[in-house]
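Residue numbers (the UniProt record's numbering): 1 to 1097.
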């Protein structure tokens, strides 16, 4: 802009003139100084920097403006007079004064084709807008910079309760489930979580319905009702969520750190989740109305200047801007300072203490935790990443390598917990062997020996640069998130960080500045007098205390001063070394990108012999230098008997253990592998990531498989680890066990955990040494190579596996897959057993209705449509209204060649009652379908079609989809399009007839298998409520009636449990005998002749 223009125009005229003609001036994209000068005079801000060094100036207009910007007038008529307070540098205010726009490009991945704009509303709410013209789903998230640390002292869990009750209606949309209904009808969903210093709300919806979803979403922050009629139900939902978590060791340990090891006067020490005692019973005793307190708390803290919004849609940035300004400008700005916690939870009084605690599962862990200051402001240098990388390394010379040689540890990792503004933590976690637990002090010494070594060494710039390069490469080729909701949720959280606004995306990932002094400053905090310890094992006795909220047994004591003195005066350990340069960092990023009008929609079969079947697809969609490769080694020996299955598992675990040192650098550099036996058919080898060094890693893996030498000492450790894993599976949540037994009872070939434990007992290292050559001697290799690999490269990789293993072919009859159980028509089976964990207050049910052949296209389409229609009303009835449990699920389920409809509930109530409530819901569901309007039916159908037609967002998702079709044996690559075509033809009357004929409990054709996992805390008289850790027995009488009577659904009395099963149910007493009496369905077969799928290339 010329000096004449600057001097001749008034401020207002200048503003409107430049804004109106901004796309005509060449200085905008090329000469940022003049644009910043304009911003400077608008805001009278002498501290703005004239940043002439921004990269990608040519993308300035694409990222921030479009040529036909339209100013917003709706709901903003008074905004022109509003002053922007605290406007950061590099923003320019719009002509109507409704918002300001960031004027510098937002740094993004080279692989990111989306357009971004960051705006700030006049109420100080900041919003990141994302235009993705290729998306088929939209999403939004709002992050509020307030969390559980700001709970009132007398109401622990209030922030979490707010997150729940907030969704129960608004003035504009008063129905409590209107939001969820809208999302369900338009291919969407929502979720939220409460963290210590922020609360995050998000949703996803079909791309055509973003505005309607945004309008409903925004009202939760403009005019929520906090419906008093929903208060008690949502209190119970919070309590149910807490009950779900009571047996989770991660949460129990975390609460010990907070309640026991932290300063009791610090808000970090409080119970964050909340339950009925903290949010109902105690407030009632104190004469406190928790809803009134919630309204005060919300009014105090939910301020626009605390909020960061992120919206993703296919619309233009101007349209997204207009919607956000219209819908979110009315949120009140209270101009509150961001909550800051300057005192650390670990003061001098808390340091140098250790707590011994008993977990639920068989764990043996040490956590060493150091108090750190807040690290958020150091986002450009990320000093912790330097020494975290060294300490957690798993290669030769590392702490883990040394501990494994000593037989003391299995796993080792570090983590940095931000805590909140003002404090953070750095933690080392070590998974110990039994011998390691006995020598836990020696293990701790090794950690401090390594720390001392790197503290006494100078900061080495090459280590920093290597870490920086790896991060740069990963960010450069970052792919889109599979879920728009997850992406906007993470970005709205990122916006709370104190980084420059243009680093909203890249800030958490890239390291921009080398600051050795700052690295040393943080590394010096890893002192021997500046930590606390948690030691976790079921073997600990004489634990004299119980934690209040989870009932965890523990013992707290000071760390022995003599031991601290030993740590202070440690000698160096010559076996510990700094890792050498990483040879797996990729250097070749060529993708041979070309214009593709119509991408190929299925893999090619490029090789087929009696030994191998090779599928391949060159990436023609995402154009990243990555690949995903799977090799399924089918072997009849892999799962022939329980003993064979366990031997295969031991062989795989030993292989992975032996490959750790070699493969760790590859994993750091973005190339990972896995060897697993997640199938009854054999072994699956997976490689994924940057394809530059694929050949090197694959050759090493296959050579190790072929020439493996079993180390007897490591075998004993791995065997104990496998045994512990089997036993710990008994302590999984009850709903996992209900699903496990449905799977077991519908598959002809599956060994129980009890059988595997028994088989494990007598297996020796020599058994494995003799077994695995037989396992690999006769196999069939089916592979899928997908991504940045040409056909010749794919064949070469497959040839490595063939040549090294040098196996012989199986007979065709040995390739027949597993078969599924077919339930008899009209039969209703129930299998009931106790929950394994005697202390778990939760029960669970999976109510499974077998529908028919998975390859019946019409039946498959009807089932998926019924599942779509059922989802929201089931959640609303079972969880929201009846409060039967926090964990509930409904949906379709496929097993080998059969499919079915299932309902899952985990609850503190008796499983017979849960069964009856599911069947009562199915009665109501018939009415819902019958009364559904044609318009609503079409919306549900379209919602399902949108979900099915959703394109994979990244190479991994596409690869996984193809692999599932290959592994299944159907090769049904066009299933989605076939199903959508069938869905379009199905009428509501057909769905209703399908439901009445096959699904409804009264139908003579219903085929049901119901698994009841019943808590041992339920007394012999199930109507007597069980005691829970947080409430005394006498407090359990509730007698509360919800709603109004509606066919025994809306207003059933909670404590009047329905404990009598409907007629014609048969109990299964012997599941093995029952399975042997069931018929079996056909094994999977290709839908097309395989020879027609062979590539003509």
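Every residue gets a Cβ at the ideal spot worked out from N, C-alpha and C, and that includes glycine.
- Measuring CA to CA, which of 546, 381, 247, 979 is closest to residue 734? Within the chain shown, residue 734 is the residue found at index 734, counting from 1. It is 247 whose Cα lies nearest to the Cα of residue 734.
- Rounded to a whole number of angstroms, what is the C-alpha to C-alpha distance between residue 757 and residue 634? Sequence index remark: in the chain shown, residue 757 carries index 757 (1-based). Sequence index remark: in the chain shown, residue 634 carries index 634 (1-based). Computed Cα separation, rounded: 24 Å.
- Tell me where the beta strand (DSSP E) around residue 314 begins and ends. If you number the chain shown from 1, residue 314 lands on position 314. Run containing residue 314: none; DSSP gives neither H nor E here.
- Query: Going straight from the alpha carbon of residue 1061 to that of residue 845, what length do you get?
  - Reply: Here residue 1061 corresponds to residue number 1061 of the chain shown, with the count starting at 1. Here residue 845 corresponds to residue number 845 of the chain shown, with the count starting at 1. Using only the alpha carbons, I get a separation of about 14 Å.
- Task: List the residues that DSSP assigns as beta-bridge partners of residue 902.
- Result: Your numbering for residue 902 matches position 902 in the chain shown. Paired residue(s): 848, 891.
- Query: Under the DSSP definition of a beta bridge, which residues are partnered with residue 1010?
  - Reply: Taking the first residue of the chain shown as position 1, residue 1010 is located at position 1010. Looking at the DSSP assignment, residue 1010 forms a beta bridge with 830, 847.
- Message: Between which two residues does the alpha helix (DSSP H) holding residue 679 run?
- Response: Sequence index remark: in the chain shown, residue 679 carries index 679 (1-based). Premise fails: residue 679 lies in the beta strand (DSSP E), 671-679, not in any alpha helix (DSSP H).
- Helix, strand or coil: how does DSSP classify residue 116 here? Along the chain shown, read from residue 1 onward, the residue named residue 116 stands at position 116. In the structure shown, residue 116 sits in a strand (DSSP, three-state: E or B).
- Query: Which residues share a DSSP beta bridge with residue 412?
  - Reply: As a position in the chain shown, residue 412 is number 412, starting the count at 1. Answer is 430.
- Look at residue 795 and residue 606 and say whether their C-beta atoms are less than 8 Å apart. Taking the chain shown and counting its residues from 1, one reaches residue 795 at position 795. Taking the chain shown and counting its residues from 1, one reaches residue 606 at position 606. Yes. Within cutoff.
- Query: Just reading off the beta strand (DSSP E) that residue 1002 is part of, what are its end residues?
  - Reply: For the purposes of this step, residue 1002 is taken as residue 1002 along the chain shown, with counting starting at 1. Note, residue 1002: premise wrong, no beta strand (DSSP E); not H, not E.
- Query: Between the stretch 187-206 and the stretch 315-333, do three or more beta carbon pairs fall short of 8 Å?
  - Reply: no
- Message: Spatial neighbours of residue 888 within its chain, please: C-beta separation below 6 Å, excluding the five flanking residues on both sides.
- Response: On the chain shown, position 888 is the one that residue 888 refers to. Cβ neighbours of residue 888 beyond the five flanking positions: 878, 879, 905.
- Pair within 8 Å by beta-carbon distance, residue 219 and residue 189: The residue labelled residue 219 in the question sits at position 219 within the chain shown. The residue labelled residue 189 in the question sits at position 189 within the chain shown. Contact: no.
- Query: Looking only at DSSP bridge pairs, what is residue 224 linked to?
  - Reply: Taking the first residue of the chain shown as position 1, residue 224 is located at position 224. DSSP lists 170 as partners of residue 224.
- Item | Anticipated Cβ contact below 8 Å, residue 582 with residue 665, distance rounded | Taking the chain shown and counting its residues from 1, one reaches residue 582 at position 582. Taking the chain shown and counting its residues from 1, one reaches residue 665 at position 665. Indeed, because the Cβ distance is near 5 Å, the residues count as touching under 8 Å.
- Task: Ignore the nearest five residues each way along the sequence and tell me which others in residue 534's own chain have a CB closer than 6 Å to its CB.
- Result: Within the chain shown, numbered from 1, the residue matching residue 534 stands at position 534. Hits under 6 Å: 355, 367.
- Message: According to DSSP, simplified to helix, strand and coil, what is residue 712?
- Response: The residue given as residue 712 occupies position 712 in the chain shown. Of the three classes helix, strand and coil, the one that applies to residue 712 here is helix, per DSSP.
- Distance, residue 937 Cα to residue 868 Cα: For the purposes of this step, residue 868 is identified with residue 868 of the chain shown, where counting begins at 1. For the purposes of this step, residue 937 is identified with residue 937 of the chain shown, where counting begins at 1. If I take the Cα positions, the gap works out to 10 Å.
- Answer yes if the stretch 892-904 comes into contact with the stretch 852-864, meaning at least three C-beta pairs across the two stretches below 8 Å, and no otherwise. yes
- Item | Option nearest residue 997 by Cα separation, candidates 968, 922, 941, 969 | Within the chain shown, numbered from 1, the residue matching residue 997 stands at position 997. If we check each option's Cα against that of residue 997, 922 comes out closest.
- Task: Alpha carbon to alpha carbon, how far is residue 632 from residue 686? Give it in angstroms, no decimals.
- Result: Position 686 of the chain shown, counted from the start, is the residue given in the question as residue 686. Position 632 of the chain shown, counted from the start, is the residue given in the question as residue 632. Taking the straight line from one Cα to the other gives about 9 Å.
- Can you tell which of 567, 881, 600, 389 has the C-alpha that lies nearest to the C-alpha of residue 415? Against the chain shown, residue 415 aligns to sequence position 415. Measuring from the Cα of residue 415, the nearest candidate turns out to be 389.
- Who are the Cβ neighbours of residue 293 in its own chain at under 8 Å, not counting the five residues just before and after it? Position 293 of the chain shown holds residue 293. 152, 155, 158, 283.
- Task: Round the Cβ separation of residue 1120 and residue 308 to the nearest angstrom and send it over; I've been treating them as touching at under 8 Å.
- Result: Any question about residue 1120 goes unanswered here, given that the chain covers just 1 to 1097.
- Given a threshold of 16 other Cβ atoms within 10 Å of its Cβ, counted over all protein chains shown, does residue 1077 qualify as buried or as exposed? Position 1077 of the chain shown, counted from the first residue, corresponds to residue 1077. So residue 1077 ends up on the exposed side.
- alpha helix (DSSP H) runs wholly inside the stretch 950-976, at least 4 long, in chain order: 955-968
- Query: Using DSSP with H/G/I as helix, E/B as strand and the rest coil, what is residue 63?
  - Reply: Translated into the one-based positions of the chain shown, residue 63 becomes position 63. Because residue 63 carries a pLDDT of 37, less than 50, the predicted location of this residue cannot be relied on, and no value is offered for it.
- Item | Span separating the alpha-carbon of residue 241 from that of residue 278 | Numbered from its first residue, the chain shown carries residue 241 at position 241. Numbered from its first residue, the chain shown carries residue 278 at position 278. Using only the alpha carbons, I get a separation of about 14 Å.
- Task: Report yes if the CB atom of residue 829 is closer than 8 Å to the CB atom of residue 999, and no otherwise.
- Result: In the chain shown, the residue the question calls residue 829 occupies position 829. In the chain shown, the residue the question calls residue 999 occupies position 999. Result no, Cβ atoms of residue 829 and residue 999 do not sit closer than 8 Å.
- Does DSSP put residue 861 in a helix, a strand or coil? Against the chain shown, residue 861 aligns to sequence position 861. Note: residue 861 maps to helix in three-state DSSP.
- Message: For residue 231, which residues in the same chain have their Cβ closer than 8 Å to its Cβ, ignoring the five residues on either side in sequence?
- Response: For the purposes of this step, residue 231 is taken as residue 231 along the chain shown, with counting starting at 1. Hits under 8 Å: 165, 290, 291.
- Alpha carbon to alpha carbon, how far is residue 512 from residue 472? Give it in angstroms, no decimals. Mapped onto the chain shown, residue 472 falls at position 472. Mapped onto the chain shown, residue 512 falls at position 512. Answer to the nearest angstrom: the Cα atoms are 10 Å apart.
- Which residue from 445, 802, 978, 257 puts its Cα closest to that of residue 549? Walking along the chain shown from the start, residue 549 turns up at place 549. Comparing Cα-Cα distances from residue 549 to each of 445, 802, 978, 257, the minimum goes to 257.
- Item | Reduced DSSP category for residue 199 - H, G, I as helix; E, B as strand; rest coil | Position 199 of the chain shown, counted from the first residue, corresponds to residue 199. Of the three classes helix, strand and coil, the one that applies to residue 199 here is strand, per DSSP.
- Which listed residue (926, 84, 298) has its alpha carbon closest to that of residue 146: Numbered from its first residue, the chain shown carries residue 146 at position 146. Answer by Cα proximity: 298.
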